[in-house]
Amino acid sequence: MPNRTDPAVTDTELDVSVPPAVASALAAATAPPAPAELAGEQVAVHSYLVAIAPAPPRIARLRSLRASKAALAAVAAVSLVGISGAAAATGTLPVKAQDVARTSLTKVGIDIPKGRGKGLATAPGQLKKDLPVVDESSTTVDEPSAGKPSRPVDKENPPSTTKGATISSIAKDPTLTGAEKGAAVSDAASDGKSRSGEDKPVTKAPITAGPATGKPDSAGPPASSPGVTAPGRTTASTAGKRP
Amino acid sequence: MEHTWAQLLGRVQAGDEHAFTCLWRRHHPSLVRYLEIVGGPNGAEDLAAETWISLVRSLPRFRGGEAGFKALLFTTARSRLVDQARRARVRPLSARSLDERDERPTADDPGARVERAEATQAALDLIARLPPAQAEVVALRVVGGLGNAEVAAVTGKASGAVRVAYSRGLDTLAELVGQGGHVTDPGEPAFR
């Protein structure tokens, strides 16, 4: 703060000489401050401290906010995994979700039920033992040793696979006629319980089916196998129901 | 311990509380006195506090000498005065209104006036009796310690106009002193 104590002040910049009385007044206007004039120091220092160092608190707030978000995300993720895991373990997930969960968890050594319809999934190996099974291997597998491997369910049930392969080979056997082939298939499908073909004499005349279409069909019988429409479950089960 | 301006500013910008206190003590009294002369005693302290709050936000980016800092300080204070006038729904306190102001507002509350030496208060009252344009220029030149160029920058006037206003203000002060008394000692009360 300028302090002009010389009453005969000359303002060199303006080259103006002022009377001593005016100079005294100007000097008084620039006198050192009284203590009361400095009363607002604490407020000013506080505002300075708040304004001059805003970065650390902001960074700390941002970090705190990020940590909170991360914690919330972690809690949500853990909850989701826990709920999903519980649902997967009890087999109550939708089929596709259950299958995905099963595939993923199997890789890490956790065995959970396989998805099945809208109901509860069952444990592996339990499927064909306790529940009715559609044995698709007998209708789809022509050459078990060639091409793609059969579905996992077939691998887990070798007896059914063997039976399907046996029936398939019977159906392809060119030495059998239609009725003989049907009886053989029925017998194989029913594990010898079927009595198909014993009621009437075996003739070589075509009985049940017309001539083969000759269309290439991996699931169908060879063109030279009249009398057997499909060497699969339908024919076998129908034959098995015969007295 | 005396610091050069560069040292003081550097420490203030680095967050040194003590350095800021030195800076504030150096310039706050002249700021309040300027606000009292131009805007009246009512609320001068509050306006000064607002000025500092606004100023410290721009302190980290300030580059310049002490003269430039004082120009920034008083420019900010002048803006606060204009804002206050707008808030009070009176005529906007622009540079023109300051020039046209006939009488300096007086303190409604005697307690609003800062307690200081009577001679100092009398001198401030004497300057405040000048025509507004002259009073502001004299206050900035004498109380604020600004140079002619800085006063021109703060008030938005041409440098020549500032020179004229200051010269006429000193002449008017001489007339006032001749009419009402004289100041013989800065420590003694001269004007009542």
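So the sequence lines, in the order shown, correspond to chains A and B.
Count along the first sequence from 1, then add 11; that gives the number in my numbering.
Count along the second sequence from 1, then add 181; that gives the number in my numbering.
All C-beta atoms, glycine included, are put in the ideal place defined by N, C-alpha and C.
Which chain B residues sit within Cβ distance under 7 Å of Gly-120/A? Your numbering for residue 120/A matches position 109 in the first sequence. In chain order: nothing, as chain B lies at least about 57 Å away.
Closer than 7 Å, Cβ to Cβ, to anything on chain B: give me those residues from the stretch 25–48 of chain A, in chain order. Those would be Leu-25, Val-27, Val-29, Pro-30, Ala-32, Val-33, Ser-35, Ala-36, Leu-37, Ala-38, Ala-39, Ala-40, Thr-41, Ala-42, Pro-44, Ala-45, Ala-47, Glu-48, in chain order.
Counting only C-beta atoms, is Trp-205/B closer than 9 Å to chain A at any point? Numbered from its first residue, the second sequence carries residue 205/B at position 24. Yes, its Cβ sits closer than 9 Å to a Cβ of chain A.
Should Arg-244/B be flagged as near chain A, meaning a C-beta pair shorter than 9 Å? One-based indexing of the second sequence puts residue 244/B at position 63. No - not a single Cβ of chain A is within 9 Å of the one on Arg-244/B.
Quick one: what does DSSP say Lys-125/A is sitting in, helix, strand or coil? As a working note, residue 125/A is residue 114 in the first sequence. Correct three-state label for Lys-125/A: strand.
Below 8 Å CB to CB, which residues in the same chain sit around Ala-333/B once its five sequence neighbours on both sides are set aside? Residue numbering aside, residue 333/B sits at position 152 when the second sequence is read from its first letter. Here the set comprises Ala-339, Ser-340, Ala-342, Val-343.
Do you know offhand how far Ala-88/A's Cα is from Leu-262/B's? In the first sequence, residue 88/A corresponds to position 77, counting from 1. In the second sequence, residue 262/B corresponds to position 81, counting from 1. Across the structure, Ala-88/A and Leu-262/B are spaced so that their CA atoms are roughly 57 Å apart.
To the nearest angstrom, how far is the alpha carbon of Val-86/A from that of Val-61/A? Your numbering for residue 86/A matches position 75 in the first sequence. Your numbering for residue 61/A matches position 50 in the first sequence. Going from the Cα of Val-86/A to the Cα of Val-61/A covers about 35 Å.
Give me the residue from Gly-51/A, Ala-36/A, Leu-37/A, Ala-38/A with the minimum Cα distance to Val-213/B. The count along the second sequence starts at 1 and reaches residue 213/B at position 32. For Val-213/B, the nearest C-alpha among the options comes from Gly-51/A.
From Leu-253/B, Tyr-347/B, Cys-203/B, residue whose alpha carbon lies closest to that of Asn-329/B: Walking along the second sequence from the start, residue 329/B turns up at place 148. When only C-alpha atoms are compared, the closest one is Tyr-347/B.
CB contact below 9 Å: Val-219/B versus chain A: The sequence position of residue 219/B within the second sequence is 38, counting from 1. Nearest CB-CB separation between Val-219/B and chain A: not below the 9 Å threshold.
If distances are taken between C-alpha atoms only, which option among Ala-248/B, Phe-250/B, Leu-216/B comes closest to Ser-260/B? Your numbering for residue 260/B matches position 79 in the second sequence. The shortest C-alpha separation from Ser-260/B is found at Leu-216/B.
Out of Ala-34/A, Pro-30/A, Pro-31/A, Ala-39/A, which one is the CA nearest neighbour of Arg-297/B? Counting from 1 along the second sequence, the entry for residue 297/B is found at position 116. Ranking Ala-34/A, Pro-30/A, Pro-31/A, Ala-39/A by Cα distance to Arg-297/B puts Ala-39/A first.
Just to make sure I have the definition right: I need the residues of chain A whose C-beta is within less than 8 Å of the C-beta of Leu-216/B. Which are they? Counting from 1 along the second sequence, the entry for residue 216/B is found at position 35. Residues of chain A with a Cβ closer than 8 Å to the Cβ of Leu-216/B do not exist, since the nearest Cβ in that chain sits about 12 Å away.
Which of helix, strand or coil DSSP assigns to Gly-191/B: The residue you call residue 191/B lines up with position 10 of the second sequence. DSSP places Gly-191/B within a helical segment (H, G or I) once states are collapsed to three.
Backbone CA spacing between Lys-125/A and Thr-188/A [nearest angstrom]: By one-based count along the first sequence, residue 125/A stands at place 114. By one-based count along the first sequence, residue 188/A stands at place 177. Their backbone Cα atoms lie some 42 Å apart in a straight line.
Sequence ranges, alpha helix (DSSP H) only - wholly within the stretch 217–250 of chain B, length at least 4: DSSP runs (the alpha helix (DSSP H)) wholly in the stretch 217–250 of chain B: 225–239.
Pick from His-209/B, Val-324/B, Asp-352/B: whose alpha carbon is nearest that of Asp-227/B? Locating residue 227/B in the second sequence gives position 46, counting from the first residue. Nearest option by C-alpha distance: His-209/B.
Measure the Cβ-Cβ separation of Ala-229/B and Glu-331/B and say whether it is below 9 Å. For this step, residue 229/B is matched to residue 48 along the second sequence. For this step, residue 331/B is matched to residue 150 along the second sequence. In this structure, Ala-229/B lies away from Glu-331/B, with their beta-carbon atoms at least 9 Å apart.
Does Pro-210/B have its Cβ less than 9 Å from a Cβ in chain A? Against the second sequence, residue 210/B aligns to sequence position 29. Taking Cβ atoms only, chain A reaches closer than 9 Å to Pro-210/B, which makes this a yes.
Closer than 8 Å is the cut-off here; do at least three beta carbon pairs connect the stretch 227–246 of chain B with the stretch 77–86 of chain A? The way I'd put it, the stretch 227–246 of chain B doesn't touch the stretch 77–86 of chain A; fewer than three beta-carbon pairs between them come closer than 8 Å.
Comparing C-alpha positions only, which one of Arg-113/A, Ala-45/A, Leu-83/A sits nearest to Thr-301/B? Stepping through the second sequence from its first residue, residue 301/B is reached at position 120. Thr-301/B has its Cα closest to that of Ala-45/A, out of Arg-113/A, Ala-45/A, Leu-83/A.
Option nearest Ile-218/B by Cα separation, candidates Trp-186/B, Thr-185/B, Leu-311/B, Ala-269/B: Locating residue 218/B in the second sequence gives position 37, counting from the first residue. Comparing Cα positions, the closest option is Leu-311/B.
Coarse secondary structure for Pro-210/B, derived from DSSP in three states: Mapped onto the second sequence, residue 210/B falls at position 29. In the structure shown, the three-state DSSP call for Pro-210/B is helix.
Thinking just about the alpha-carbon of each residue, which of Asp-264/B, Val-323/B, Ala-252/B, Gly-326/B is nearest to the one in Gly-220/B? Counting from 1 along the second sequence, the entry for residue 220/B is found at position 39. Ranking Asp-264/B, Val-323/B, Ala-252/B, Gly-326/B by Cα distance to Gly-220/B puts Asp-264/B first.
By Cβ distance, which residues of its chain are closer than 7 Å to Leu-357/B, with the 5 residues on each side in sequence left out? Here residue 357/B corresponds to residue number 176 of the second sequence, with the count starting at 1. Closer than 7 Å at Cβ, skipping near neighbours: Leu-307, Arg-310.
Please confirm if Ala-229/B has its CB atom under 9 Å from at least one CB of chain A. Walking along the second sequence from the start, residue 229/B turns up at place 48. With 9 Å as the cut-off, Ala-229/B counts as an interface residue toward chain A.
Give me the Cβ distance between Val-29/A and Leu-351/B, rounded to the nearest whole Å; I'm assuming they're in contact under 8 Å. Translated into the one-based positions of the first sequence, residue 29/A becomes position 18. Translated into the one-based positions of the second sequence, residue 351/B becomes position 170. Contact between Val-29/A and Leu-351/B holds, since their C-beta atoms are separated by about 5 Å, short of 8 Å.
With a CB to CB cut of under 7 Å and the five nearest residues on each side skipped, what residues in its chain are close to Trp-186/B? One-based indexing of the second sequence puts residue 186/B at position 5. Closer than 7 Å at Cβ, skipping near neighbours: Gly-246, Glu-247.
Helix, strand or coil: which one does DSSP assign to Ala-298/B? Counting from one through the second sequence, the residue named residue 298/B turns up at place 117. Of the three classes helix, strand and coil, the one that applies to Ala-298/B here is coil, per DSSP.
Measure the alpha-carbon distance for Ala-303/B versus Glu-48/A and round it to whole angstroms. On the second sequence, residue 303/B is found 122 positions in, with the first residue counted as 1. On the first sequence, residue 48/A is found 37 positions in, with the first residue counted as 1. Taking C-alpha positions only, Ala-303/B is separated from Glu-48/A by approximately 15 Å.
Can you check whether the C-beta of Trp-233/B is within less than 9 Å of a C-beta belonging to chain A? Here residue 233/B corresponds to residue number 52 of the second sequence, with the count starting at 1. So, interface residue.
To the nearest angstrom, how far is the alpha carbon of Gln-188/B from that of Ala-200/B? Numbered from its first residue, the second sequence carries residue 188/B at position 7. Numbered from its first residue, the second sequence carries residue 200/B at position 19. The C-alpha of Gln-188/B lies about 9 Å from the C-alpha of Ala-200/B.
Using the Cα positions of Ala-112/A and Gln-194/B, report the straight-line distance between them to the nearest angstrom. Position 101 of the first sequence, counted from the first residue, corresponds to residue 112/A. Position 13 of the second sequence, counted from the first residue, corresponds to residue 194/B. Whole-angstrom Cα-Cα distance: 59 Å.
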